[in-house]
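This report refers to the structure that appears directly beneath it.
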Amino acid sequence: MKQEILKYLKLMLGLLLCALGVVTILNSNLGLSPWDVLNQGLNRTIGITLGEANLLVGAFVVLFSIFLKQPIGSGTVINFLLVGVFIDMYIYLDIIPKGDILLKKILILIIGILIFSYGCYVYISTGLGCGPRDGLMVILTKKSSHPLWKIKTCIEIVVLGLGYILGGTIGVGTVVSSLCVGPLIQYFFKLNSQDIKKLEHRSLISEFKFLKGKVLK
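In the numbering used here, the protein residues as written are 142 to 358.
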């Protein structure tokens with residue numbers, strides 16, 4: 142049971158890092174990541190916060206992933222409910238430096254991309270279920286012969302187009318983020334000798350049965 146608690150703590154750490162990475166990239170003032178361009182487009186079109194837009198997009202992606210038979214785990218639900226809240230929390234606290242001169246902007250962007258990519262690796266590697274966007278990436282990777290970074294890049298190009306149409310801002314950081322996040326996540330998996338294609342995620346039902354068995358022991 143202790144191991145399971147540590148796994149959930151690792152999940153929460155990963156989600157906090159993901160949200161921190163999102164806001165750090167935002168504060169670089171060099172352009173948002175592709176999914177956040179879409180969130181920003183929704184923010185400007187229908188007047189919701191970036192966190193609320195993240196929740197709305199996540200709901201749609203979860204439904205699509207279920208259609209593709211991607212297991213929905215407790216990590217999926219926790220990600221879906223909390224990442225948007227964490228994003229709004231970091232924005233409200235206003236503790237992350239903002240880019241004003243070019244060198245500072247570039248440095249903040251690089252740090253943001255590294256934090257976000259590592260956060261994704263941390264929570265995906267728990268096996269508690271991918272977040273909505275990463276679940277889509279993982280299921281498409283498993284169903285194809287293409288590496289994770291290619292699948293992620295293709296998804297983000299489509300998302301980027303939708304975000305731009307809705308009024309999201311595209312910058313140098315958007316392109317860099319789109320090209321770097323997928324390979325970085327894959328790199329972190331290789332660095333820790335893990336194969337994302339062999340990673341098994343427990344569904345909500347199997348997770349409940351597993352935890353129930355642990356408690357009753």
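C-beta atoms are modelled at their ideal positions from N, C-alpha and C, and glycine is treated no differently.
From a predicted model like this one, the values you see are computed outputs, not experimental measurements.
> Buried or exposed: phenylalanine 329, going by 16 or more other Cβ atoms within 10 Å of its Cβ?
Replying inline: buried
> What runs of the alpha helix (DSSP H), each 4 residues or longer, lie entirely inside the segment 211-258?
Replying inline: For the segment 211-258, the full-length alpha helix (DSSP H) segments reaching 4 residues or more read 215-234 along the chain.
> Whose CA, out of Tyr264, Val300, Val163, lies closest to the CA of glycine 214?
Replying inline: When only C-alpha atoms are compared, the closest one is Tyr264.
> What whole-angstrom Cβ distance do leucine 156 and leucine 223 have, given they're in contact under 8 Å?
Replying inline: 6 Å
>> Once the 5 residues before and after leucine 357 are set aside, which same chain residues still bring their CB inside 8 Å of it?
In response: Model confidence at leucine 357 stands at a pLDDT of 48, short of 50, so the residue's coordinates are unreliable; what they give is reported in the following sentence. Nothing listed; no residue qualifies.
> What is the C-beta distance between glycine 302 and phenylalanine 221, in whole angstroms, given that I count them as a contact (C-beta under 8 Å)?
Replying inline: That belief does not hold up - the Cβ atoms of glycine 302 and phenylalanine 221 are roughly 23 Å apart, past 8 Å.
> Leaving out the 5 sequence neighbours to the left and right, which residues in its chain are closer than 6 Å to isoleucine 290 when beta-carbon positions are compared?
Replying inline: The question names isoleucine, but residue 290 is tryptophan in the sequence shown. Hits under 6 Å: Gly323, Pro324, Gln327.
> proline 238: buried (16+ other C-beta within 10 angstroms of its C-beta) or exposed?
Replying inline: Taking a 10 Å sphere around the C-beta of proline 238, we find fewer than 16 other C-beta atoms and assign the residue as exposed.
> Excluding sequence positions up to five away, which residues of its chain have a Cβ less than 6 Å from the Cβ of lysine 127?
Replying inline: Residue 127 is absent from the structure shown; the chain starts at 142 and stops at 358.
> Apart from the five residues just before and just after glycine 225, which ones in its own chain have a Cβ nearer than 6 Å to its Cβ?
Replying inline: Gly192, Asn195, Leu196
>> In whole angstroms, give me the CA-to-CA distance for threonine 294 and methionine 278.
In response: 9 Å
> Is threonine 282 helix, strand or coil when you go by DSSP?
Replying inline: It is helical.
> Does the Cβ-Cβ distance between leucine 158 and isoleucine 256 come in under 7 Å?
Replying inline: yes
>> Taking 7 Å as the threshold (C-beta atoms), are glycine 253 and isoleucine 166 in contact?
In response: yes
> Which whole-angstrom value describes the C-beta separation of glycine 260 and leucine 173, a residue pair presumed to lie in contact below a C-beta threshold of 8 Å?
Replying inline: Contact between glycine 260 and leucine 173 is ruled out by a C-beta separation of about 16 Å, above the 8 Å threshold.
> Between the C-alpha atoms of isoleucine 228 and alanine 160, what's the straight-line distance to the nearest angstrom?
Replying inline: 5 Å
> When burial is assigned at 16 or more other CB atoms within 10 Å of the CB, is valine 203 buried or exposed?
Replying inline: buried
>> My assumption, with CB atoms under 8 Å, is that leucine 154 sits in contact with leucine 269. Please give the rounded CB distance.
In response: Between leucine 269 and leucine 154 the Cβ distance is about 12 Å, and since that is not below 8 Å, they are no contact.
> Which of the three DSSP states, helix, strand or coil, is assigned to glutamine 335?
Replying inline: coil
>> Quick check on the DSSP output: the alpha helix (DSSP H) that includes leucine 197 runs from which residue to which?
In response: Note, leucine 197: alpha helix (DSSP H), 191-208.
> Since proline 288 is in the alpha helix (DSSP H), which residue starts that stretch and which ends it?
Replying inline: From DSSP, proline 288 is part of no alpha helix (DSSP H); its letter is neither H nor E.
> How many whole angstroms separate the CB atoms of leucine 370 and glycine 304, which I take to be in contact at a CB cut-off of 8 Å?
Replying inline: The structure shown does not extend to residue 370, since the chain spans only 142 to 358, so no value can be given for it.
> Using the rule of at least 16 other Cβ atoms within 10 Å of the residue's Cβ for burial, across every protein chain shown, is isoleucine 298 buried or exposed?
Replying inline: exposed
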